[in-house]
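K.L.:
Protein chains in written order, with the UniProt record's numbering: chain G, 1 to 242; chain H, 1 to 242.
Glycine is no exception: its CB is placed at the ideal position from the N, C-alpha and C atoms.
None of the values given here were measured: they were computed from a predicted structure.
Below is one structure. I have some questions about it.
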DNA sequence: CGGCTAGTTGACCAGCTTCAAGTATTGTGG
DNA sequence: CCACAATACTTGAAGCTGGTCAACTAGCCG
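Written out as structure tokens, the structure is:
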């Protein structure tokens, strides 16, 4: 049973069993947080990196007048910061969406491990490349895609991310977000998210009930989103033999 | 005369004269590109990192139907990718806005230099932290800020970035973007950028003529943007003495 | 069962886009 | 250095996407 962290990183580089062990040893001890609780708040000194082991979390910022923007979602296996540096003070908050288990990792240990192990270093850089590429897609979504396209793209991306850690298949995945959280994540309002979900349902693209998202027509959904997974850079890994 | 790259990095770590020399030696030979020309196009294999030495460039994506989104602007001293890895194929394009001078750097050389020199490594990680933080602010802008707030924030951020490399002072800076480029950078249309600029001018916040942007009322502009530069992490550097 | 939270829907409104026309500015060849 | 073309900017009118407000319905949990 490999951890989601290792499972994800194996899409970016060839990791041996020993590499996997080294990574998992870093990810201890395990902490927990309840749903809706903050792991780190804006202004806090972080002290460590945060690695999500189980459950969903998010990076968000809150404006003075209450407007809230979820900047990124973090899924099992996700490292919430670039691994090599910690800010002295957080410029955003890190919140648990569901109940989560997470590990706190010191960046100097992470750096030491990467320095000692080229495969692990490669995998971590690939992870940063992916993180960064998803950020870029988000800018495109927010800047140029209509609500339905944006939502469709979001679903396609989430499905692929979850598939990389064995939490989604072709037919769908568990989506623990309520509509107001979806709204904060997509730069829309809850009411409009509702209408847009209804639209996708009416078009026969998806179903969503009791937190279970089912993709009824994957091709039509991808077409609407114009979703092209090249930005996941899954071709980055050389063949893993020997 | 220190290069903008070194000048910027010195805000993130204490670099000696020797460090500066090492960095500048990496940034050779120098290439040029004309305004409006692409340095790299989506799908290209990049071979090297790109470091902007002079002029403005941008990362952008083009959708099938012609919609275009500028994802990031690159100013003198900016590295256009995370320094440790190259994708096999570009998932976006890199275009020159003005005529530019740039250097092509091999990531393995960059990594070797960072590995050999802790100060340089620290500076490069700080640069990534800043790059990433700006991306986050952009998500907040696109998701939750009105056009005038978004534009005001954009101007405040640009002014500070340019100030870090000596290309802006309190009163303003040269802004080589035409309004349709501004629009592509901010997720709006050229017409609305025009109206919003007019609005900021009418409110006495800025002037903009012949590519020269003058900030008439810095405090009012910051207030409108709710611009807080903590996300630049300028406190990250320890005191540079001895 | 009752109270709370989440989801749904309608009516109306605001911000931004689109389309179109006109004005200013810039660049270029004679 | 001017004339003229091309590009950039400005403005108005109308329309669309998404926001706001408000009410109602459906789950969920003690």
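Is the beta carbon of residue 85 of chain H sitting closer than 8 angstroms to the one on residue 57 of chain H?
P.N.:
In the second chain, the residue the question calls residue 85 of chain H occupies position 85. In the second chain, the residue the question calls residue 57 of chain H occupies position 57. Result no, Cβ atoms of residue 85 of chain H and residue 57 of chain H do not sit closer than 8 angstroms.
K.L.:
Which word fits residue 80 of chain G, buried or exposed, when buried means at least 16 other C-beta atoms lie within 10 angstroms of its C-beta?
P.N.:
Along the first chain, read from residue 1 onward, the residue named residue 80 of chain G stands at position 80. Buried.
K.L.:
Suppose contacts are defined by Cβ-Cβ distances below 8 angstroms. Is residue 83 of chain H in contact with residue 107 of chain H by that definition?
P.N.:
Residue mapping note: residue 83 of chain H aligns to position 83 of the second chain, counting from 1. Residue mapping note: residue 107 of chain H aligns to position 107 of the second chain, counting from 1. In contact: residue 83 of chain H and residue 107 of chain H (Cβ atoms closer than 8 angstroms).
K.L.:
I want to know whether the segment 159–176 of chain G touches the segment 211–221 of chain G - three or more CB-CB distances under 8 angstroms.
P.N.:
Segments in contact, yes.
K.L.:
Alpha carbons only, please: which of G:1, G:14, G:139 is nearest the one belonging to residue 117 of chain G?
P.N.:
Walking along the first chain from the start, residue 117 of chain G turns up at place 117. Of the candidates G:1, G:14, G:139, the one whose C-alpha sits nearest the C-alpha of residue 117 of chain G is G:14.
K.L.:
Report yes or no: do three or more beta-carbon pairs, one from the segment 134–147 of chain G and one from the segment 183–192 of chain H, lie closer than 8 angstroms?
P.N.:
Yes, the segment 134–147 of chain G touches the segment 183–192 of chain H.
K.L.:
Identify the contact partners of residue 89 of chain H in chain G, using a Cβ-Cβ distance below 9 angstroms as the criterion.
P.N.:
In the second chain, counting from the first residue as 1, residue 89 of chain H sits at position 89. By Cβ distance, chain G contributes 230, 233, 235.
K.L.:
From the beta carbon of residue 52 of chain G, is the nearest beta carbon of chain H less than 8 angstroms away?
P.N.:
Counted from its first residue, the first chain places residue 52 of chain G at position 52. No - not a single Cβ of chain H is within 8 angstroms of the one on residue 52 of chain G.
K.L.:
My parser needs the alpha helix (DSSP H) runs of 4 or more residues fully inside the segment 176–207 of chain H; what are they?
P.N.:
For the segment 176–207 of chain H, whole alpha helix (DSSP H) runs of length 4 or above, ordered along the chain, are 179–186, 190–202.
K.L.:
In chain H, which residues lie less than 8 angstroms from residue 56 of chain G when you measure between Cβ atoms?
P.N.:
As a working mapping, residue 56 of chain G is identified with position 56 in the first chain. Per Cβ cutoff of 8 angstroms: no residues; residue 56 of chain G is ~18 angstroms from chain H at best.
K.L.:
Below 8 angstroms on the Cβ atoms is my contact criterion, and I expect residue 48 of chain G with residue 100 of chain G to pass it. Report the Cβ-Cβ distance as a whole number of Å.
P.N.:
Within the first chain, residue 48 of chain G is the residue found at index 48, counting from 1. Within the first chain, residue 100 of chain G is the residue found at index 100, counting from 1. At roughly 15 angstroms, the Cβ-Cβ gap does not stay under 8 angstroms, so residue 48 of chain G and residue 100 of chain G are not in contact.
K.L.:
So what does DSSP say about residue 65 of chain G, is it helix, strand or coil?
P.N.:
The sequence position of residue 65 of chain G within the first chain is 65, counting from 1. Of the three classes helix, strand and coil, the one that applies to residue 65 of chain G here is coil, per DSSP.
K.L.:
Which complete alpha helix (DSSP H) runs does the segment 6–92 of chain G hold, if anything under 4 residues is left out?
P.N.:
Counting only runs of 4 or more, we get 17–26.
K.L.:
I'd like to know whether the C-beta of residue 132 of chain G is nearer than 8 angstroms to at least one C-beta of chain H.
P.N.:
Taking the first residue of the first chain as 1, we reach residue 132 of chain G at position 132. Closer than 8 angstroms: yes.
K.L.:
Could you name the residues of chain G that residue 71 of chain H contacts, counting a contact when the two beta carbons are closer than 8 angstroms?
P.N.:
Position 71 of the second chain, counted from the start, is the residue given in the question as residue 71 of chain H. Here the neighbours are 136, 139, 140.
K.L.:
Check whether the segment 222–241 of chain G touches the segment 3–14 of chain G, taking contact to mean three or more Cβ pairs, one atom from each stretch, closer than 8 angstroms.
P.N.:
Touching, per the Cβ criterion.
K.L.:
Kindly say whether residue 63 of chain G, judged by its beta-carbon, lies nearer than 8 angstroms to any beta-carbon of chain H.
P.N.:
By 1-based counting over the first chain, the position of residue 63 of chain G is 63. It does: the Cβ of residue 63 of chain G has a partner Cβ on chain H nearer than 8 angstroms.
K.L.:
In its own chain, which residues sit with a C-beta less than 7 angstroms from the C-beta of residue 26 of chain G, not counting the 5 before and 5 after it?
P.N.:
For the purposes of this step, residue 26 of chain G is taken as residue 26 along the first chain, with counting starting at 1. 105, 109, 110, 113.
K.L.:
Which residues in the same chain as residue 121 of chain H place their Cβ atom closer than 6 angstroms to its Cβ, once the five residues preceding and following it in sequence are excluded?
P.N.:
Your numbering for residue 121 of chain H matches position 121 in the second chain. 114, listed in sequence order.
K.L.:
Let's test the definition: count the other Cβ atoms within 10 Å of the Cβ of residue 29 of chain H and tell me whether it reaches 16, buried, or not, exposed.
P.N.:
The residue labelled residue 29 of chain H in the question sits at position 29 within the second chain. Counting Cβ neighbours within 10 Å, residue 29 of chain H comes out exposed, since fewer than 16 surround it.
K.L.:
Does residue 106 of chain G come within less than 8 angstroms of chain H when only Cβ atoms are used?
P.N.:
Taking the first chain and counting its residues from 1, one reaches residue 106 of chain G at position 106. Cβ-Cβ to chain H under 8 angstroms: no for residue 106 of chain G.
K.L.:
So, is the C-beta of residue 226 of chain G closer than 8 angstroms to a C-beta in chain H?
P.N.:
Working through the first chain from its first residue, we reach residue 226 of chain G at position 226. Chain H, which has a Cβ nearer than 8 angstroms to the Cβ of residue 226 of chain G, makes this yes.
K.L.:
So which residues on chain G does residue 222 of chain H lean against when the C-beta distance must stay under 7 angstroms?
P.N.:
By one-based count along the second chain, residue 222 of chain H stands at place 222. Result: empty, since nearest Cβ-Cβ is about 13 angstroms, beyond 7 angstroms.
K.L.:
At which residue ranges does the segment 136–180 of chain G contain complete alpha helix (DSSP H) runs of 4 or more residues, listed in the order of the chain?
P.N.:
Runs found: 147–164.
K.L.:
Return the first residue and the last residue of the alpha helix (DSSP H) that residue 116 of chain G is part of.
P.N.:
Taking the first chain and counting its residues from 1, the one referred to as residue 116 of chain G is at position 116. First-last of the alpha helix (DSSP H) with residue 116 of chain G: 107–116.
K.L.:
Quick one: what's got a C-beta closer than 7 angstroms to residue 73 of chain H's C-beta in the same chain, skipping five residues either side?
P.N.:
Within the second chain, numbered from 1, the residue matching residue 73 of chain H stands at position 73. Same-chain partners within the cutoff: 56, 58, 185.
K.L.:
Locate the alpha helix (DSSP H) running through residue 224 of chain H, then write down its first and last residues.
P.N.:
The residue you call residue 224 of chain H lines up with position 224 of the second chain. Run containing residue 224 of chain H: 218–225, per the alpha helix (DSSP H) assignment.
K.L.:
To the nearest angstrom, how far is the alpha carbon of residue 43 of chain H from that of residue 68 of chain H?
P.N.:
The residue labelled residue 43 of chain H in the question sits at position 43 within the second chain. The residue labelled residue 68 of chain H in the question sits at position 68 within the second chain. Roughly 16 angstroms between the two C-alpha positions.
K.L.:
Look at the alpha carbon of residue 229 of chain H and the alpha carbon of residue 88 of chain G, and state the distance between them as a whole number of angstroms.
P.N.:
Position 229 of the second chain holds residue 229 of chain H. Position 88 of the first chain holds residue 88 of chain G. Cα-Cα distance, rounded: 14 angstroms.
K.L.:
Near residue 40 of chain G, what residues of its chain come up, given a Cβ to Cβ distance below 6 angstroms and the 5 sequence neighbours on each side ignored?
P.N.:
Taking the first residue of the first chain as 1, we reach residue 40 of chain G at position 40. Excluding residues within five positions, the ones whose Cβ falls inside 6 angstroms are 46, 90, 94.
K.L.:
Can you give the beta carbon distance from residue 135 of chain G to residue 62 of chain H, rounded, assuming they're within the 8 angstroms contact cut?
P.N.:
Residue mapping note: residue 135 of chain G aligns to position 135 of the first chain, counting from 1. Residue mapping note: residue 62 of chain H aligns to position 62 of the second chain, counting from 1. 18 angstroms between Cβ atoms; not a contact.
K.L.:
Give the interface partners of residue 46 of chain H over in chain G, defined as CB-CB distance under 7 angstroms, in chain order.
P.N.:
The count along the second chain starts at 1 and reaches residue 46 of chain H at position 46. Per Cβ cutoff of 7 angstroms: no residues; residue 46 of chain H is ~12 angstroms from chain G at best.
K.L.:
Of the choices G:37, G:20, G:34, G:161, whose alpha-carbon is the least far from that of residue 231 of chain G?
P.N.:
For this step, residue 231 of chain G is matched to residue 231 along the first chain. Cα-wise, what sits closest to residue 231 of chain G is G:161.
K.L.:
Could you give the distance in angstroms between the alpha-carbon of residue 70 of chain G and the alpha-carbon of residue 75 of chain H?
P.N.:
Position 70 of the first chain, counted from the first residue, corresponds to residue 70 of chain G. Position 75 of the second chain, counted from the first residue, corresponds to residue 75 of chain H. So the two alpha carbons sit approximately 27 angstroms from each other.
K.L.:
Once you ignore the five residues that flank residue 183 of chain H on each side, which residues in its own chain have a CB closer than 6 angstroms to its CB?
P.N.:
If you number the second chain from 1, residue 183 of chain H lands on position 183. So the qualifying residues of the chain are 189, 190, 193.
K.L.:
Between residue 84 of chain G and chain H, is any beta-carbon pair separated by less than 8 angstroms?
P.N.:
To locate residue 84 of chain G, count along the first chain from 1; it is residue 84. Answer yes: the Cβ-Cβ gap between residue 84 of chain G and chain H drops below 8 angstroms somewhere.
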